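For reference, the structure is listed below as structure tokens.
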Amino acid sequence: MSDLALFGGKPVRKDPFPVWPRVTAGQKEQLLDTLESATWGIGSDAITTFEDRFADFHDAKYCIATSSGTNALWVALKAGGVTTGDEVIIPPYTFIATASAVLMANAIPVFVDIDPDTFNINPTLIEKAITERTKAIMPVHIGGNPADIDSIKDIAKKHDISVIEDAAQAHGAEWGGVKVGALATGGIFSFQSSKNMSAGEGGAILSNNDEFMDACFAYYNCGRQRGGDWYEHQIVGGNHRINAMAASLLLPQLQTVVEDMNIRDNNRKKLDEALTSEGLVPTGSYERTTRKANHLYLLRYKAGHFNNVPREKFFKAMQAEGVFTYAGYKPLYREKVFNGQTDEFPWLKEVDYHEMSYPVTELIADQQSVWLTQNHLLGNESDTQDIIDAFEKVITALKHTPEIFN
Ligand SMILES: Cc1ncc(COP(=O)(O)O)c(C=O)c1O
């Protein structure tokens, strides 16, 4: 007989984990202020103040707030010089937007496999993927864990190409004591519902580079030049501006984001320390990482240490205990978009994405990745202890009574 909840036992936990996003009094007040100001778009105080403060918080000179992270990616790629037929190097283990923004810029996503320890793009494999058409490298700080930006910048410098950080998941993450986002050419963030700072939808671009930011301004604002006339459009740009209501939801979060980060750091540390099984290993980070954003708590499930019980059975057992772990991304190159839309994106014809195989991405995505979302790290001591207890209960069963999973 098993005491696992999956087989009728008592679950470790029935209560939900802290709900995200959270509604605060500060947001209500700010929303009302913005509403009454009757300036709900560009020029709103809420937007300009948020841009200034988010830049400050992230150690960047400039910020442009946008309507989404995806749009911010497109704007940043265009401003980084990416144009039709260019190649952009990205990891295949990320959200689709990283690749679709490249396609939307009429460019070709070139995948480079990931590092099994961090799930981030493997810098030692990047140089082999560079061709004369490569215009940019776009590392993703996956789950809020910084990619090896120093190595990536060295390669980019050698080949004179841009580095756009996809920091959509990395609010507050630090590299060498400096926040991510403006560590290279420029970087983007997302404020979509699940993110560690959320406005339901929204995004931002950060940079220290005047020329890059001026180009971003034009691409995000209908092709207008900064300081130019309203009806003067020199390039094709979209309207990717943020709504002032979204900025009003974000502005007060700058007062709570650090406290939330401290709570997540603390709970993450407890989990890291408690998880000592060789079969369930939290991801590592690079030496120069001084802080992770903990957007996702990512682990590797190694079935070999658990009598080869497949990961999906582990998920079912954990979910029944009240802790929702799951697999997360598939390798992006398997998505239908890559081989299915060659009429619309003719440059995709040059590459057979479905024939591709990146062994580490496949090992992680198909067999090993375990995800726990950031709100699980926002609880109190007893919430975190429940997560540890659920892991331990399931691990014990995997080790000692694997036959029950048959
Ligand atoms: C890595 C990554 N890049 C880009 C995006 C796109 O952001 P958004 O959903 O705000 O368009 C997301 C978020 O969903 C993401 O996780």
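Count the sequence shown with the numbering used here and you get residues 10 to 415, in order.
Using N, Cα and C, we set each Cβ at its ideal position, and we do this for glycine too.
Computed from a predicted structure; not experimentally measured.
Among 196, 386, 233, which one has its Cα closest to the Cα of residue 212?
196
If the criterion is Cβ atoms closer than 8 Å, does the pair residue 257 and residue 394 meet it?
no
Could you tell me which uninterrupted alpha helix (DSSP H) segments, each at least 4 residues in length, are contained entirely in the segment 38 to 118, listed from first to last along the chain?
Segments of the alpha helix (DSSP H) lying fully in the segment 38 to 118: 54 to 66, 78 to 88, 105 to 113.
Less than 7 Å between the CB of residue 366 and some heavy atom of ligand 3, yes or no?
Ligands present in the displayed structure are limited to ligand 1, and ligand 3 is not among them.
State the Cα-Cα distance for the pair residue 290 and residue 45, rounded to the nearest angstrom.
51 Å
Residue burial classification, residue 239 (beta-carbon count within 10 angstroms, cutoff 16)
exposed
Is it buried or exposed for residue 32, if we count other Cβ within 10 angstroms and need 16 for buried?
exposed
Of all the options 155, 398, 356, 275, which has the alpha carbon lying nearest to the alpha carbon of residue 284?
In this structure, 398 is the residue among 155, 398, 356, 275 with its C-alpha nearest to the C-alpha of residue 284.
Taking residue 213 as part of the beta strand (DSSP E), name the residues at either end of that continuous run.
212 to 216
I'd like the span of the beta strand (DSSP E) that includes residue 195, first residue to last.
195 to 199
Look up residue 172 in the DSSP assignment and give the residues it is bridged to.
According to DSSP, which records beta bridges pairwise, residue 172 is partnered with 146.
Beta-carbon within less than 7 Å of residue 55's beta-carbon, same chain only, minus the 5 sequence neighbours each way: which residues are those?
39, 43, 253, 256, 257, 260
What is the residue span of the alpha helix (DSSP H) that residue 405 lies within?
390 to 409
What is the residue span of the beta strand (DSSP E) that residue 291 lies within?
For residue 291, the uninterrupted beta strand (DSSP E) segment begins and ends at 289 to 291.
Excluding five sequence neighbours on each side, which residues of the same chain lie with their C-beta closer than 7 Å to the C-beta of residue 414?
318, 322
Look at the alpha carbon of residue 138 and the alpha carbon of residue 98, and state the distance between them as a whole number of angstroms.
So the two alpha carbons sit approximately 8 Å from each other.
Looking only at DSSP bridge pairs, what is residue 183 linked to?
Answer is 188, 300.
Mapping DSSP to helix, strand and coil, what is residue 420?
What the structure shows of the chain is the stretch from 10 to 415, and residue 420 is not part of that stretch, so it cannot be assessed.
Comparing the CB of residue 212 with every heavy atom of ligand 1, is any distance shorter than 7 Å?
yes
Buried or exposed: residue 148, going by 16 or more other Cβ atoms within 10 Å of its Cβ?
buried
How is residue 378 classed by DSSP in three states: helix, strand or coil?
strand
Where residue 230 falls: helix, strand or coil (DSSP):
strand
Can you give the Cα-Cα distance for residue 128 and residue 368, rounded to whole angstroms?
12 Å
Tell me the rounded alpha-carbon separation between residue 386 and residue 234.
43 Å
Quick one: complete alpha helix (DSSP H) runs, 4+ long, within the segment 238 to 326?
253 to 259, 266 to 283
Nearest candidate by alpha-carbon position, reference residue 79, set 109, 25, 26:
Selected option, being the one with the closest Cα: 109.
Roughly how many angstroms separate the alpha carbons of residue 299 and residue 275, rounded to a whole number?
14 Å
What residue range is occupied by the uninterrupted alpha helix (DSSP H) comprising residue 135?
First-last of the alpha helix (DSSP H) with residue 135: 135 to 138.
On the DSSP letters alone, give me the boundaries of the alpha helix (DSSP H) that residue 348 sits inside.
345 to 349
Take residue 93 as the anchor and find which of 405, 356, 403, 28 has the nearest alpha-carbon.
356
Measuring only from the beta carbon, is residue 107 closer than 7 Å to any heavy atom that is part of ligand 1?
yes
Reference residue 315, options 126, 383, 81, 401, closest by Cα:
Of 126, 383, 81, 401, the smallest CA-CA separation from residue 315 is found for 401.
Residue 133: which of 140, 141, 124 sits nearest, CA to CA?
Out of 140, 141, 124, 124 has the C-alpha closest to the C-alpha of residue 133.
Under 8 Å by Cβ, that's how I've got residue 20 and residue 331 pegged, so tell me the actual separation to the nearest angstrom.
In this structure residue 20 is in contact with residue 331, their Cβ atoms being roughly 5 Å apart against a cut-off of 8 Å.
Does DSSP classify residue 26 as helix, strand or coil?
coil
Residue 25: buried (16+ other C-beta within 10 angstroms of its C-beta) or exposed?
Burial call: exposed.
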